[in-house]
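Quick note, the sequence shown lines up with residues 398 to 708 if you use this note's numbering. Glycine residues also receive a C-beta, built at the ideal position from the N, C-alpha and C atoms. Notes for the one structure printed next.
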Amino acid sequence: MKRCIAGLLALLLAACSEPQDPPAPDPDIADPELQLPAGEPLVDDFHELRSRWLELERPALTPPEPEPLPEVAETPFPVPEPAEPQDRTPAVAIIIDDVGHNLRQGRRLIALPQPVALAILPQTLAAEQLAREAVAAGRTVLLHQPMENGAGLSIGPGGMYSGMSRERLQAQLRSNLDSLPGVRGVNNHMGSRLTAEREPMDWVMQVLRERGLFFIDSRTTAQTQAAIAAGAAGVPHLSRQVFLDNQRTPEAIGQAFDQALAIARRTGTAVMIGHPYPQTIDYLERRLTEDLPAIEGVQVVSVEELLGRGG
Ligand SMILES: [Zn+2]
């Protein structure tokens, strides 16, 4: 009997603890140098993979070109009414990508004192739970859709690849969307190869249009067609201006954050994207307690509100 109770307790503890299993080596990565090391905590493996990706693709991470205003008149997306004419305080939206591997870090993001959107990777251990908790807390949930990159790095489960048929690509996207409760929009995970191809981007936008979802172009290549395809399909969209944490030090993160604020003061709006690194979360926990409208002349708003301002 005692052994039975001990066994039950062990099972319960295992169910409550956070996912820590290391990933299996990825057969898609031909170069053994790029394989994730075994035995490390999952979240560090993931950060290491992103660092390798940044090394390989950093030249492609260029600021966005100005683009023509999208035609959004017929969109079913419930874009909020434009802000009152007198309220034109410059605004930024913050999105944290690559969420879903770690429940505790996701909960810290949801608890931030300003609205920060969670872009959640499909088929990750904490994805569904975090999506539910974020929606319950009034936070915006995006599907962080894995798309093929030009460096041949693994993009994880649920990915979309160049060469997929329209049926397969759209079925994959629909299945990923169905797996996340309360999802309001999509942005791309990696994707420097796929987002440069117009046809698959048109197929993506058809699905988003059908479902009344928005798209945020992470801009992992200067050749991205994603925002153009979104505009053509009447899908509300924005493009990332600043990556918060390409360098993971408080100083560099602070500089990137200030750069986004400066863009917002100049143009009215800015979108910044970060990652669930401890340094990024620590920084946001400190900075977002400040009275940014009074100190910086910029407010943090939800992605939906920024879309309502026309980006
Ligand atoms: Zn990502």
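Original post:
So what does DSSP say about residue 554, is it helix, strand or coil?
Top reply: coil
Original post:
Would you say residue 498 touches ligand 1, meaning its beta carbon is less than 6 angstroms from a heavy atom?
Top reply: It does not: the Cβ of residue 498 is nowhere closer than 6 angstroms to a heavy atom of ligand 1.
Subject >> For residue 647, three-class secondary structure by DSSP >> reply: helix
**OP:** Have a look at 608, 637, 574 and 486 and flag the residue whose alpha-carbon is nearest the alpha-carbon of residue 587.
**Re:** 637
**OP:** Below 7 angstroms CB to CB, which residues in the same chain sit around residue 657 once its five sequence neighbours on both sides are set aside?
**Re:** 489, 638, 639, 667 and 669
Original post:
Taking the C-alpha atoms as reference points, what is the distance between residue 558 and residue 692?
Top reply: Roughly 45 angstroms separates the two Cα atoms.
Original post:
Between residue 626 and residue 614, is the Cβ-Cβ spacing less than 7 angstroms?
Top reply: no
Original post:
Which residue's Cα is closest to the Cα of residue 686: 513, 493 and 528?
Top reply: Comparing C-alpha distances from residue 686 to each of 513, 493 and 528 shows the shortest one belongs to 513.
Subject >> Residues proximal to ligand 1 by C-beta, any heavy atom closer than 5 angstroms >> reply: 494, 495 and 586
Subject >> Straight-line gap, residue 492 to residue 677 (C-alpha atoms, nearest Å) >> reply: 12 angstroms
Subject >> Beta-carbon spacing of residue 546, residue 576 below 7 angstroms >> reply: no
**OP:** Check whether the Cβ atoms of residue 533 and residue 515 sit closer than 7 angstroms, and answer yes or no.
**Re:** no
Original post:
Does the separation of the CB atoms of residue 521 and residue 541 fall below 7 angstroms?
Top reply: The beta carbons of residue 521 and residue 541 sit no closer together than 7 angstroms.
**OP:** Quick one: grab the DSSP three-state call for residue 697.
**Re:** strand
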